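Chains as they are written, first to last, in this note's numbering: chain A, 1 to 253; chain B, 254 to 500. Every residue, glycine too, gets a C-beta built ideally from N, C-alpha and C. Just so we're clear, the structure is a prediction, and the values are computed from it rather than from any experiment.
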Amino acid sequence: MIEQGHTDQAAALPEVAARLSAVLNAQLEPMNELAGRLTEMWARPSARRNGFSGTEVSSLASQVESAIRQVDRMVGHGFIAAPGVVDGHERYMLWLQRKNGKIYRLRLNIDHSDPDSYEYVTMEWYVRAVTYGARVLTGPYLDYSGSNHFVLTFSAPVRSDGKLLGVVATDVLVHKAETEFVKILQRLDEDAVLANADRIVVAANSVRWIPGDRLPAHPADDPANFHSVVPLSDWTGWWLALASGQGDARKPR
Amino acid sequence: MGERAALIAPLNSGGRADELTARLTEAIQLGLVANGHRLPPEHEFAEQLGVSPMTLRDAIAVLRDRGLVETKRGRNGGTFVTRSIEPDETPDRARLAGLPVSALRDICDEQRAITSLAARLAAERASDSSVTKLLALVDRMDSAATRGARMRADSRFHIEVAIATRSERLTRREVSLQAETVGLLWLSELDEAEAVAIVEEHREIAGAIAEQNPKRAQAVAENHVLQNLRRLAGLHLKLVEGEEDRS
């Protein structure tokens with residue numbers, strides 16, 4: 001997608017919201033593909049009988065790697081198995097991540113008998129995906145114990161005939177995503193802010209808001225400061241709002 | 254650690270040995286890498302971490318001194334993680350004895366800047382899930398019975414506060430400060446009453462963050478650092494006094 005920066009004809013709010021949603025929705029495609037392969041594999045008689053083998057799941061590594069390679073903002077991607085789904089492994093993850101231009105398989109300490117292990121079944125992106133039973137967006141947050149990046153995590157449960165196989169997920173670098181979001185927000189003439197369900201600012205086209213800050217109230221409950229607010233795709237919990245009147249700090253033109 | 258290189262690389266691959274040392278120490282102490290894990294060959298590991306082989310060699314030497322890795326020779330040789338759930342306090346005791354109070358004050362000056370600002374920003378920005386984690390870490394510290402468990406609960410709490418700010422730089426500095434100081438504080442010479450007080454101070458910090466009260470979070474965090482300075486100085490004086498007795 002080629003962005004033209006600031007054009008004479010300002011874009012309308014719904015159009016900009018749709019573009020932002022499209023960026024987030026596109027991120028689900030490799031996850032759907034990976035989930036599709038996993039459910040296919042689960043249909044094999046051997047898997048039905050004994051669960052996945054580690055080798056079977058690992059055979060998807062090249063697919064995961066090429067998905068990361070294709071999208072610059074993607075820093076990690078993979079499958080995290082529900083306990084007991086991979087034969088002989090109480091916990092199992094196929095997670096690849098980009099570091100210094102190369103892609104490596106991440107192997108965390110997932111020995112769940114160790115109280116300090118990376119216990120992914122308690123992680124927000126895992127719990128939320130399983131509890132809601134659908135795709136969810138978590139962050140921006142610093143993933144210190146996992147990937148060690150400042151990320152957005154997209155995650156979704158993988159099920160076969162109601163049985164939970166695990167979660168497919170993708171990490172996107174916040175800094176790269178912000179740069180893309182700002183370009184889209186700059187199509188608007190008015191001061192606009194993009195924020196998540198926790199009211200944390202993700203990006204803005206104005207210095208009125210700094211990414212990482214928490215807005216004091218949801219724009220819908222704050223007519224003094226915002227005149228319009230539109231949600232992005234429902235599953236994201238994100239929304240885009242336009243400021244009322246002139247801010248004390250206008251964006252540079 | 255091989256594939257784990259990405260995890261333990263400094264957030265900013267500036268290549269400074271002390272930063273790398275802190276991050277590796279923390280990764281091992283917090284259990285992010287399993288005991289007995291074999292590090293990849295030097296040139297490969299350095300490439301994964303984005304540092305020069307020289308920098309890596311310096312960092313590994315420090316880890317070896319701290320007893321966190323050991324190098325074995327021969328066909329099945331290599332450098333292995335030797336993480337113990339209950340780290341030996343002898344090296345920490347020797348290090349604290351060698352740190353005059355003025356040096357401790359210097360460390361704590363930096364910690365005041367980092368820790369209290371992190372608490373303030375966490376009160377402004379923390380997500381609900383971060384708050385839940387912080388409160389759970391206070392309880393975990395309260396029920397921690399051993400030195401190792403207390404060290405991990407203590408440093409995890411402070412790192413979690415920094416993580417809640419979403420500032421990579423503050424988090425990097427907090428990780429580095431924790432790796433440097435947490436072992437010095439939790440020596441067997443520390444009074445049990447102080448251990449109880451530390452839990453209460455953590456509870457105050459977490460409470461102020463949960464209440465979204467930035468000024469209070471900053472003030473109680475700063476007080477906590479000052480109390481820790483007093484504790485560290487007290488332990489140092491006790492240790493050097495003991496030395497004289499023996500001579």
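Item	Value
Within-8 Å CB hit, residue 502 of chain B to chain A	Residue 502 of chain B falls outside the range modelled here, since chain B spans only 254 to 500, and no answer is possible.
Residue interval of the alpha helix (DSSP H) (run including residue 270 of chain B)	270 to 282
Element boundaries [alpha helix (DSSP H), containing residue 132 of chain A]	124 to 132
Pick from A:60, A:116 and A:59 that is closest to residue 405 of chain B, judged by C-alpha positions	A:116
Residues of its chain near residue 184 of chain A, where Cβ-Cβ distance is below 8 Å and the 5 sequence neighbours each way are ignored	3, 16, 19, 20 and 23
Continuous beta strand (DSSP E) assignments of at least 3 residues falling wholly in the segment 58 to 107 of chain A	74 to 81, 93 to 99 and 102 to 105
Validate contact between the segment 322 to 342 of chain B and the segment 392 to 404 of chain B using beta carbons, cut 8 Å, 3 pairs	yes
Close Cβ partners of residue 388 of chain B (< 8 Å) along its chain, the five nearest in sequence each way excluded	459 and 463
Spatial distance of residue 482 of chain B from residue 419 of chain B (CA atoms)	27 Å
Selection from A:93, A:77, A:243 and A:75 that minimises the alpha carbon distance to residue 83 of chain A	A:93
Sequence-distant residues of its chain with Cβ nearer than 6 Å to residue 501 of chain B (five each side left out)	The structure shown does not extend to residue 501 of chain B, since chain B spans only 254 to 500, so no value can be given for it.
Interface positions of the segment 51 to 69 of chain A facing chain B (Cβ-Cβ less than 7 Å), listed along the chain	none
Contact set for residue 238 of chain A: own chain, Cβ-Cβ below 6 Å, skip 5 residues either direction	196 and 232
Proximity of residue 370 of chain B and residue 423 of chain B at Cβ, strictly below 8 Å	yes
Residue 200 of chain A at chain B interface by Cβ criterion, 8 Å	yes
Burial state of residue 484 of chain B (16 or more Cβ within 10 Å)	buried
Identity of the residue in A:113, A:171 and A:78 nearest residue 140 of chain A by Cα	A:171
Alpha carbon of residue 13 of chain A to alpha carbon of residue 100 of chain A, nearest angstrom	37 Å
Below-8 Å beta-carbon distance, residue 274 of chain B vs any chain A residue	no
Rounded Cβ spacing between residue 383 of chain B and residue 416 of chain B (contact assumed at less than 8 Å)	7 Å
Segment contact flag, the segment 57 to 69 of chain A with the segment 101 to 115 of chain A, C-beta cutoff 8 Å, min 3 pairs	yes
Chain-ordered chain A contacts of residue 472 of chain B [CB-CB under 8 Å]	Neighbours of residue 472 of chain B on chain A: none; closest Cβ ~20 Å, over 8 Å.
Residue from A:204, A:188, A:130 and A:60 whose Cα sits closest to the Cα of residue 162 of chain A	A:130
Within 8 Å, strictly: CB atoms of residue 152 of chain A and residue 158 of chain A	no
Contact with chain A by residue 440 of chain B, beta-carbon distance below 8 Å	no
Contacting residues, own chain, Cβ-Cβ under 7 Å from residue 428 of chain B (five flanking each side not counted)	275, 276, 279 and 412
Collapsed DSSP secondary structure at residue 239 of chain A in the structure displayed	strand
Chain A within 8 Å of residue 285 of chain B, Cβ atoms only	yes
Pair within 8 Å by beta-carbon distance, residue 285 of chain B and residue 486 of chain B	no
Where the beta strand (DSSP E) containing residue 227 of chain A begins and where it ends	226 to 231
Closest residue to residue 452 of chain B among B:317, B:392, B:290 and B:271 (Cα-Cα distance)	B:392
Chain A contacts from the segment 301 to 313 of chain B (Cβ-Cβ distance under 8 Å)	301 and 303
Selection from B:421, B:328, B:475 and B:294 that minimises the alpha carbon distance to residue 333 of chain A	Residue numbering for chain A in the displayed model covers 1 to 253; residue 333 of chain A lies beyond these limits and cannot be assessed.
Per-residue burial, residue 457 of chain B [other beta carbons within 10 Å of its own, 16 or more giving buried]	buried
CA-to-CA distance, residue 322 of chain B to residue 235 of chain A, given in whole angstroms	45 Å
Uninterrupted alpha helix (DSSP H) stretches inside the segment 155 to 226 of chain A (no shorter than 4 residues)	174 to 185
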